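A short write-up of the structure that comes next.
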Amino acid sequence: NAGVTQTPKFQVLKTGQSMTLQCAQDMNHEYMSWYRQDPGMGLRLIHYSVGAGITDQGEVPNGYNVSRSTTEDFPLRLLSAAPSQTSVYFCASSSDRSSTEKLFFGSGTQLSVL
Amino acid sequence: LAKTTQPISMDSYEGQEVNITCSHNNIATNDYITWYQQFPSQGPRFIIQGYKTKVTNEVASLFIPADRKSSTLSLPRVSLSDTAVYYCLVGDRGRAGGGADGLTFGKGTHLIIQP
């Protein structure tokens with residue numbers, strides 16, 4: 053049982069480049085979300101999805117796009133990378149949107165934008 | 120919105136019991152208290168959750184007083200591998216109310232266990 057899988061683990065981009073961070077879960081979870089974590093900071097919510105075809109913005113959505121075409125996958129797209137997007141990105145999933153459900157996190161993608 | 124306050128860092132030694140207290144003065148009636156653990160280079164992992172009194176599992180205990188304005192995560196007989204950041208979260212009202220999207224992961228408590 054793989055849980056939540058994120059790829060790649062590391063990525064270096066140049067300013068202005070675009071890329072997609074992949075997230076897949078095999079637990080048939082309805083709720084998925086993306087966070088970023090900066091040094092010494094907590095996790096900040098970027099976007100989330102309550103099911104296939106449904107997405108919404110979190111606390112820091114600017115510069116990022118998401119889509120949810122299947123229950124399993126929730127990719128995060130950086131449209132035009134900026135140095136301010138250098139961070140560690142975590143994907144999470146849970147069985148539903150309730151705040152009392154366990155969140156399962158991936159192992160993260162460390163992104164550097166030069 | 121129910122916000123939490125917890126110590127930035129704590130030190131302890133192997134074999135000791137560690138108690139991390141979190142304050143949440145504005146907790147709402149329907150809010151639960153949840154703790155996550157994060158090791159370096161990993162995503163957070165659920166530890167324990169409770170609503171009132173005491174909850175215990177194989178990893179930790181959670182003590183919640185009657186007024187629910189604070190909670191204490193207790194780790195028995197810690198080892199070096201318990202060195203991690205511990206987050207206290209209170210079920211918060213997101214924009215649509217009560218969802219995981221409303222949970223706030225603050226800076227957490229950095230627990231350092233020494234030999």
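Read top to bottom, the protein sequences are chains G and A. Under my numbering, read the first sequence as residues 53 to 166, first letter to last. Under my numbering, read the second sequence as residues 120 to 234, first letter to last. Glycine included, each C-beta is placed from N, C-alpha and C at the ideal position. Being a predicted model, the structure only gives us computed values, none of them experimental.
Checklist entry - Contact check, G:Arg-129 vs G:Asn-117 under 8 Å by CB: the rounded distance? => result Numbered from its first residue, the first sequence carries residue 129 of chain G at position 77. Numbered from its first residue, the first sequence carries residue 117 of chain G at position 65. Going by Cβ atoms, the distance from G:Arg-129 to G:Asn-117 rounds to 4 Å, so yes, they are a contact pair.
Item to check | Same chain, Cβ closer than 6 Å to G:Gly-55, five either side skipped, listed in chain order | outcome: For the purposes of this step, residue 55 of chain G is identified with residue 3 of the first sequence, where counting begins at 1. The answer, listed in chain order, is Phe-156.
Checklist entry - How would you list, in chain order, the residues of chain G whose beta-carbon sits under 7 Å from the beta-carbon of A:Leu-222? => result Position 103 of the second sequence holds residue 222 of chain A. By Cβ distance, chain G contributes Ser-151.
Next on the checklist: Strictly under 8 Å for the Cβ-Cβ distance: is G:Phe-126 near chain A by that measure?
Outcome noted: Counting from 1 along the first sequence, the entry for residue 126 of chain G is found at position 74. It does not; no Cβ of chain A falls within 8 Å.
Checklist entry - Closer than 8 Å, CB to CB, is A:Cys-163 near chain G or not? => result Here residue 163 of chain A refers to the residue found at position 44 when the second sequence is read from its first residue. Strictly speaking, residue 163 of chain A in this sequence is Pro, with Cys absent from that position. Among the residues facing chain G, A:Pro-163 is included, as its CB has a counterpart in that chain under 8 Å away.
Next on the checklist: Using CA atoms only, rank isn't needed, just tell me which of G:Ser-159, G:Asp-90 and G:Met-84 is closest to A:Gly-218.
Outcome noted: Residue mapping note: residue 218 of chain A aligns to position 99 of the second sequence, counting from 1. For the residues G:Ser-159, G:Asp-90 and G:Met-84, the minimum Cα distance to A:Gly-218 belongs to G:Met-84.
Next on the checklist: Out of A:Ser-128, A:Arg-164, A:Lys-171 and A:Tyr-155, which one is the CA nearest neighbour of A:Thr-148?
Outcome noted: Taking the second sequence and counting its residues from 1, the one referred to as residue 148 of chain A is at position 29. Of the listed residues, the one whose Cα sits closest to A:Thr-148 is A:Lys-171.
Next on the checklist: Taking a contact to mean a Cβ-Cβ separation below 8 Å, would you say A:Ser-264 touches A:His-229 in this structure?
Outcome noted: Given a span of 120 to 234 for chain A in the structure shown, any question on residue 264 of chain A remains unanswerable.
Item to check | Bounding residues of the beta strand (DSSP E) (the contiguous stretch that carries G:Met-71) | outcome: Start at 1 with the first residue of the first sequence, and residue 71 of chain G comes out as number 19. It spans 71-77 - the beta strand (DSSP E) in which G:Met-71 sits, taken as one unbroken run.
Checklist entry - For A:Ser-200, which of A:Asn-176, A:Leu-208, A:Ile-152 and A:Gln-233 has the nearest alpha-carbon? => result Taking the second sequence and counting its residues from 1, one reaches residue 200 of chain A at position 81. Among A:Asn-176, A:Leu-208, A:Ile-152 and A:Gln-233, the Cα nearest to that of A:Ser-200 belongs to A:Gln-233.
Checklist entry - Counting contacts by CB-CB distance shorter than 8 Å, is G:Gly-105 in contact with chain B? => result Checking the listed chains, one finds no chain B in this structure; the protein chains it contains are G and A.
Checklist entry - Applying a beta-carbon distance threshold of less than 7 Å, which residues of chain G neighbour A:Gly-210? => result For the purposes of this step, residue 210 of chain A is taken as the residue at position 91 of the second sequence. The contacting residues are Ser-151 and Thr-152.
Next on the checklist: Once DSSP output is grouped into helix, strand and coil, what is the label at G:Ser-151?
Outcome noted: Sequence index remark: in the first sequence, residue 151 of chain G carries index 99 (1-based). Coil, per DSSP.
Checklist entry - Which of the three DSSP states, helix, strand or coil, is assigned to A:Ser-200? => result Mapped onto the second sequence, residue 200 of chain A falls at position 81. In this structure, A:Ser-200 counts as helix in the three-state DSSP scheme.
Checklist entry - When the Cα of G:Thr-152 is compared with those of A:Ile-152, A:Ile-127 and A:Cys-141, which residue comes out closest? => result Counting from 1 along the first sequence, the entry for residue 152 of chain G is found at position 100. Checked all of A:Ile-152, A:Ile-127 and A:Cys-141; the closest Cα to G:Thr-152 is A:Ile-152.
Checklist entry - Using the C-alpha atoms, what's the distance from A:Asn-176 back to G:Val-112? => result Reading the first sequence from its first residue, position 60 is the one you call residue 112 of chain G. Reading the second sequence from its first residue, position 57 is the one you call residue 176 of chain A. Those two C-alpha atoms are separated by around 34 Å.
Checklist entry - List, in order along the chain, the chain A residues whose C-beta lies closer than 9 Å to that of G:Tyr-83? => result Translated into the one-based positions of the first sequence, residue 83 of chain G becomes position 31. Those are Gly-218, Ala-219 and Asp-220, listed as they occur along chain A.
Checklist entry - Per DSSP, what kind of secondary structure is A:Asp-220 in: helix, strand or coil? => result Translated into positions along the second sequence, residue 220 of chain A becomes position 101. Correct three-state label for A:Asp-220: helix.
Item to check | Meets three-Cβ-pair contact criterion under 8 Å: the segment 177-188 of chain A and the segment 125-135 of chain A | outcome: no
Checklist entry - Between A:Arg-214 and the rest of its own chain, which residues show a CB-CB distance below 7 Å, the 5 nearest in sequence each way excluded? => result Within the second sequence, the letter at position 95 stands for residue 214 of chain A. Because the pLDDT of A:Arg-214 is 47, which lies under 50, any placement of that residue in the model is unreliable, and the question is left without a value.
Next on the checklist: I want to see whether chain G comes within less than 8 Å of A:Gly-227, judged by CB atoms only; does it?
Outcome noted: Residue numbering aside, residue 227 of chain A sits at position 108 when the second sequence is read from its first letter. By this cut-off, A:Gly-227 is an interface position.
Checklist entry - To which residues does DSSP link G:Gly-117 through a beta bridge? => result For the purposes of this step, residue 117 of chain G is taken as residue 65 along the first sequence, with counting starting at 1. The identity of residue 117 of chain G in the sequence shown is Asn, whereas the question assumes Gly. G:Arg-129, per the DSSP bridge assignment.
Checklist entry - Under the DSSP definition of a beta bridge, which residues are partnered with G:Val-56? => result For the purposes of this step, residue 56 of chain G is taken as the residue at position 4 of the first sequence. DSSP lists G:Gln-77 as partners of G:Val-56.
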